[in-house]
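Count along the sequence shown starting at 1, add 386, and that's the number in my numbering.
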Amino acid sequence: MTLFFALCFVGVAIAGFSAFVIFWPLTLIHIRDRHPLLAQRFGNGAFLRPDALRWLLGRDYRQTPDRALSGLATPAWVSLLTLLAGLGMAALLWLLSMVLI
């Protein structure tokens, strides 16, 4: 049963990944088009750059007075948290199943 729930959390992580793949590129394109200083800070190919992901996880987009940016970055932030939480819980349940055997 524990592994079943771990697999369910993998499904939650996949859902988070799907939403992240939709909203994060849209956020980066918005940054590229309307915030050139921030885009220059992230550089080209910022999709998986640690600096850009740290900016997203830290919710630093709220410091920029652009409601459209917040409207795109907030779902990307929620989906990244969902992805990380789903994988984390799946890993914990997998480890628990290894201990209980």
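Glycine is no exception: its CB is placed at the ideal position from the N, C-alpha and C atoms.
Do residue i and residue j have their C-beta atoms within less than 8 Å of each other?
{"i": "ALA462", "j": "ALA399", "result": "no"}
{"i": "PHE406", "j": "LEU481", "result": "no"}
{"i": "THR413", "j": "ALA459", "result": "yes"}
{"i": "PHE428", "j": "ARG435", "result": "yes"}
For residue i, count the other beta carbons within 10 Å of its own beta carbon; 16 or more makes it buried, fewer makes it exposed. Which is it?
{"i": "ALA432", "result": "buried"}
{"i": "PHE409", "result": "buried"}
{"i": "GLY397", "result": "exposed"}
{"i": "GLY402", "result": "buried"}
{"i": "PHE390", "result": "exposed"}
{"i": "LEU469", "result": "buried"}
If you draw a straight line from the alpha carbon of residue i to that of residue j, how long is it in whole angstroms?
{"i": "PRO450", "j": "PRO422", "result": "The sequence shown places Thr at residue 450, not Pro. When rounded, the distance between both Cα atoms is 12 Å."}
{"i": "GLY472", "j": "GLN426", "result": "32 Å"}
{"i": "MET484", "j": "LEU424", "result": "45 Å"}
{"i": "LEU478", "j": "LEU486", "result": "12 Å"}
{"i": "ASP452", "j": "HIS416", "result": "10 Å"}
{"i": "LEU455", "j": "PRO411", "result": "12 Å"}
Alpha helix (DSSP H) runs wholly inside the stretch 427-453, at least 4 long, in chain order:
Look at the stretch 427-453 and you find these whole runs of alpha helix (DSSP H), each 4 residues long or longer: 436-443.
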